[in-house]
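J.:
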Ligand code: G3H
Ligand code: ZN
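Residue numbers (my numbering): 12 to 289.
#1: Can you have a look at residue 244 and say buried or exposed, based on whether 16 or more other CB atoms are within 10 angstroms of its CB?
#2: If we count the other Cβ atoms within 10 Å of its Cβ and call it buried at 16 or more, is residue 61 buried or exposed?
#3: Have a look at the DSSP bridge pairing and note the partners of residue 153.
#4: For a test of your reading of the model: does the CB of residue 287 fall under 6 Å from any non-hydrogen atom of the ligand G3H? Yes or no.
#5: Which residue or residues does DSSP assign as beta-bridge partners of residue 34?
#6: In angstroms, rounded to a whole number, what distance separates the CA positions of residue 216 and residue 271?
#7: Just to check my reading of the structure: residue 220 and residue 201 have Cβ atoms closer than 8 Å, yes? What is that Cβ distance to the nearest angstrom?
#8: Are there three or more Cβ pairs, one per stretch, closer than 8 Å when the stretch 273-282 is compared with the stretch 38-58?
#9: Using only the alpha-carbon positions, how far apart do residue 101 and residue 72 sit?
#10: Note down, one range per segment and in chain order, each beta strand (DSSP E) of at least 3 residues found wholly within the stretch 184-239.
#11: Mind checking whether the beta-carbon of residue 216 lies closer than 6 Å to any heavy atom of the ligand ZN?
#12: Report, in whole angstroms, the separation of the C-beta atoms of residue 115 and residue 94, which I expect to be a contact under 8 Å.
#13: Less than 7 Å between C-beta atoms, sequence neighbours within five positions excluded: which residues of the same chain meet that for residue 175?
#14: Between which two residues does the beta strand (DSSP E) containing residue 113 stretch?
#15: Could you check the C-alpha separation between residue 265 and residue 127 for me, to the nearest Å?
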């Protein structure tokens with residue numbers, strides 16, 4: 012299957028009442044592993060990569076890898092730019108073939124967040140690509156990026172933000188955190204308030220470490236996309252770490268790379284299945 016358009020993926024998930032996992036990749040092994048994991052459980056989702064991770068390769072390389080990883084795919088999978096940090100990053104990824112993007116201008120003052128988001132939306136909608144935006148800020152560590160700001164999404168701003176930006180998905184801050192160093196405290200009453208005033212589907216960042224029963228409960232209140240990064244990165248890193256501890260002359264990259272694909276795929280499979288348990 013080709014890389015599926017983000018709007019089509021969202022429609023498919025809503026039609027079948029699925030939660031869409033969005034798994035962060037960094038490299039070749041994780042990209043193939045995510046595709047393998049979603050196909051193993053026959054459930055849809057996203058392969059995503061953050062702006063910050065694109066410096067290892069390029070949007071064009073990630074598109075080529077994803078196309079190859081999905082050539083035998085039987086389930087719809089989109090390729091998403093996660094935490095797009097600039098209009099230029101968004102534009103380059105859309106031009107390369109990404110089928111869904113996030114412009115993350117949540118660190119800017121409200122009016123500047125709106126302006127940056129709308130500029131990205133205008134470009135992406137010209138090419139039929141949906142845009143995720145963020146309102147509020149998450150604490151935590153997104154790999155080497157640490158954010159101390161912690162302001163939950165304000166329900167009073169949501170309708171205005173959606174109306175003026177035209178974004179298609181909204182990432183919210185409801186006590187979720189990036190990374191595994193802090194404990195998430197998901198504010199379901201706030202999520203219910205946000206869902207009542209938001210006409211687009213919601214996104215939860217910081218999926219790693221959030222109890223699965225809470226993840227499943229969020230589906231009742233407009234949540235559609237759940238981001239997972241740390242859980243998969245841990246599966247990848249642990250593969251090599253364990254090998255080195257067992258034998259510090261370990262030198263078979265191919266063996267460990269294949270093992271890392273299997274371990275990351277198993278993690279993706281398990282998460283996808285559990286969050287979609289009916
Ligand atoms: O954007 C990526 C996700 O928010 C990753 O969060 O590493 O806590 O799963 P996580
Ligand atoms: Zn995130």
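Note that the Cβ used here is the ideal one computed from N, Cα and C, for glycine as well.
T.: In short, the structure shows the following:
#1: Taking the chain shown and counting its residues from 1, one reaches residue 244 at position 233. Under this definition residue 244 is a buried residue.
#2: Counting from one through the chain shown, the residue named residue 61 turns up at place 50. When all chains shown are included, residue 61 counts as buried.
#3: Taking the chain shown and counting its residues from 1, one reaches residue 153 at position 142. Answer is 156.
#4: Here residue 287 refers to the residue found at position 276 of the chain shown. No, Cβ of residue 287 sits at least 6 Å from all heavy atoms of the ligand G3H.
#5: If you number the chain shown from 1, residue 34 lands on position 23. Its beta-bridge partners are 58 and 239.
#6: Position 205 of the chain shown holds residue 216. Position 260 of the chain shown holds residue 271. Approximately 24 Å between the Cα atoms of the pair.
#7: Taking the first residue of the chain shown as 1, we reach residue 220 at position 209. Taking the first residue of the chain shown as 1, we reach residue 201 at position 190. No, residue 220 and residue 201 are not in contact; Cβ-Cβ is about 19 Å, not under 8 Å.
#8: yes
#9: Locating residue 101 in the chain shown gives position 90, counting from the first residue. Locating residue 72 in the chain shown gives position 61, counting from the first residue. Computed Cα separation, rounded: 15 Å.
#10: 213-215 and 234-239
#11: As a position in the chain shown, residue 216 is number 205, starting the count at 1. Yes.
#12: Position 104 of the chain shown, counted from the first residue, corresponds to residue 115. Position 83 of the chain shown, counted from the first residue, corresponds to residue 94. 4 Å between Cβ atoms; contact.
#13: Position 164 of the chain shown, counting from 1, holds the residue named residue 175. If we look at residue 175 and ignore the five residues flanking it on each side, its Cβ neighbours are 125 and 129.
#14: Within the chain shown, the letter at position 102 stands for residue 113. Counting along the chain, the beta strand (DSSP E) containing residue 113 begins and ends at 111-114.
#15: The residue you call residue 265 lines up with position 254 of the chain shown. The residue you call residue 127 lines up with position 116 of the chain shown. Each residue's Cα considered, the two are about 42 Å apart.
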